[in-house]
């Protein structure tokens, strides 16, 4: 067998009532094991004679078990009453009576480790200290106080009845003694007269004696009647006291039953109140869920509206790009008309410029087509659009550098008038690039172009730094 801790056991010495059948065996499973009527105890005994904190079983320094008495009416161990606040070291098979009515009488058993039939106590279920238990404890405490007061009142009445009975017995004995003494006194007083009358023959004295004797007999009868009447009155008073005591016990039982009904009613009211509060919480939770669902739908509508606005902005940008494309084509057409008037050598060089310009136009058209396709996609495609714009920007920069190289080659042999026309074209192209492809924050070409809701475009880094300081658009403000 395993080397486990051996815990003692309280075994009932008598058959218990049905409602206390679970208390026939009480395993003591911990040091500081408590028994009482309060729900915080290790074992709860719902009996009026058991105090809320009734007793405690604890282990001593030498592994002996000690019983501490906290009860109101006292605990008996082997017939000896401990008393409140006192302790007693327990031995095996000690008889413990927890209350005066001997309803709960147990044997204190310490099983040995070698006993295979010994069952290890199961872990008790901890009773939750809820608000309902506190209310029940308050009701029990008030009930206990009222019952204690009633018991004290009944004890005082019983004590007074006993004192009255003792007083009546003493008075009866004194009256009997006085009556006997008076009878003896009368007999001694008139015995002499009777003896004197025996020797006399005077009829008058005999008659007087007879009258005196009859008077004594009458007084004796009156005294007996008085004693009988007093005895009957005393018995009647004693019966009345017994009847009042019985009535008081019946009233006490009725009051106990009434208080139990009141306790059941209060418990039912508390259960109804808990159900009502639970229903209110459920309704409030449902209302909160409806509000959250409503907010979710509203947020979805806002996001859809915001997505539509972004699409509209992109469409407007596409239209703007189309207009810029048309302007660029018109400008190229004018330049081509102007180039036709130049000489053959210049026309060859201008063809190179036209080729570069056509390439730039194709790239712009390609960018516009890509933007048009990207508008139909979700917000995640916007990042792809930015990457495409960056590629187009880099390609435009490459084309710009090639165009500058060609223009530099053309500028050397050209005439002053031709130089001025080329400068004008370059100026217009530069202004176009500055107005459309230049960031208004850093005054450089876009690097990772980012478009705001107001349709203004900036470098991604520039607008991120700007938003850390201010929330509004640098142009709209």
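Residue numbers (my numbering): 52 to 528. Ideal placement from N, C-alpha and C gives every residue a C-beta, glycine not left out. Since we're looking at a predicted model, the values are computed, not measured.
Between which two residues does the beta strand (DSSP E) containing residue i stretch?
i: residue 157; result: 156-160
i: residue 74; result: Premise fails: residue 74 is in no beta strand (DSSP E) and is neither H nor E.
i: residue 148; result: 145-148
i: residue 61; result: 60-63
i: residue 87; result: 84-87
i: residue 524; result: Run containing residue 524: none; DSSP gives neither H nor E here.
i: residue 490; result: Run containing residue 490: none; DSSP gives neither H nor E here.
i: residue 133; result: Neither: residue 133 is in no beta strand (DSSP E) and is coded neither H nor E.
i: residue 119; result: 116-120
i: residue 501; result: 500-502
i: residue 109; result: 106-110
Which value, in whole angstroms, describes the spacing of the CA atoms of residue i and residue j?
i: residue 134; j: residue 122; result: 8 Å
i: residue 90; j: residue 116; result: 24 Å
i: residue 65; j: residue 273; result: 59 Å
i: residue 284; j: residue 266; result: 27 Å
i: residue 377; j: residue 509; result: 24 Å
i: residue 446; j: residue 491; result: 21 Å
i: residue 354; j: residue 438; result: 24 Å
i: residue 173; j: residue 61; result: In this prediction, residue 173 has a pLDDT of 47, which is less than 50 and means its spatial position is unreliable; nothing more can be read from the coordinates.
i: residue 385; j: residue 360; result: 37 Å
i: residue 392; j: residue 409; result: 20 Å
i: residue 305; j: residue 298; result: 10 Å
i: residue 522; j: residue 514; result: 10 Å
i: residue 162; j: residue 120; result: 23 Å
i: residue 293; j: residue 281; result: 18 Å
i: residue 337; j: residue 321; result: 24 Å
i: residue 324; j: residue 73; result: 31 Å
i: residue 262; j: residue 279; result: 25 Å
i: residue 493; j: residue 525; result: 12 Å
i: residue 387; j: residue 371; result: 24 Å
i: residue 475; j: residue 519; result: 40 Å
i: residue 143; j: residue 98; result: 26 Å
i: residue 401; j: residue 351; result: 56 Å
i: residue 316; j: residue 333; result: 26 Å
i: residue 71; j: residue 303; result: 23 Å
i: residue 340; j: residue 349; result: 14 Å
i: residue 258; j: residue 277; result: 28 Å
i: residue 328; j: residue 335; result: 10 Å
i: residue 389; j: residue 382; result: 11 Å
i: residue 95; j: residue 313; result: 21 Å
i: residue 228; j: residue 275; result: 13 Å
i: residue 199; j: residue 234; result: 52 Å
i: residue 38; j: residue 231; result: Outside the modelled stretch of the chain, which goes from 52 to 528, sits residue 38, for which no answer is possible.
i: residue 368; j: residue 374; result: 10 Å
Taking C-beta to C-beta, are residue i and residue j nearer than 8 Å?
i: residue 511; j: residue 499; result: yes
i: residue 444; j: residue 488; result: yes
i: residue 149; j: residue 126; result: yes
i: residue 139; j: residue 128; result: yes
i: residue 404; j: residue 347; result: no
i: residue 79; j: residue 58; result: yes
i: residue 100; j: residue 132; result: no
i: residue 289; j: residue 216; result: yes
i: residue 457; j: residue 407; result: yes
i: residue 156; j: residue 63; result: yes
i: residue 124; j: residue 145; result: no
i: residue 380; j: residue 412; result: yes
List the endpoints of the continuous alpha helix (DSSP H) containing residue i.
i: residue 516; result: 511-520
Taking only heavy atoms of the ligand FAD into account, decide whether any of them is closer than 7 Å to the Cβ of residue i.
i: residue 218; result: In the structure on display, the ligand FAD does not appear, and there are no ligands present to speak of.
Decide if the stretch 78-87 is in contact with the stretch 101-115; the criterion is three or more beta carbon pairs, one per stretch, under 8 Å apart.
-> A contact exists between the stretch 78-87 and the stretch 101-115.
Between the stretch 499-518 and the stretch 362-381, do three or more beta carbon pairs fall short of 8 Å?
-> Segments in contact, yes.
Segment contact flag, the stretch 207-224 with the stretch 280-294, C-beta cutoff 8 Å, min 3 pairs | Touching, yes, given that three or more Cβ pairs across the two stretches are closer than 8 Å.
For the stretch 364-404, which segments carrying the beta strand (DSSP E) assignment without a break, of at least 3 residues, lie completely within its bounds, in sequence order?
-> Whole beta strand (DSSP E) segments, 3+ residues: zero.
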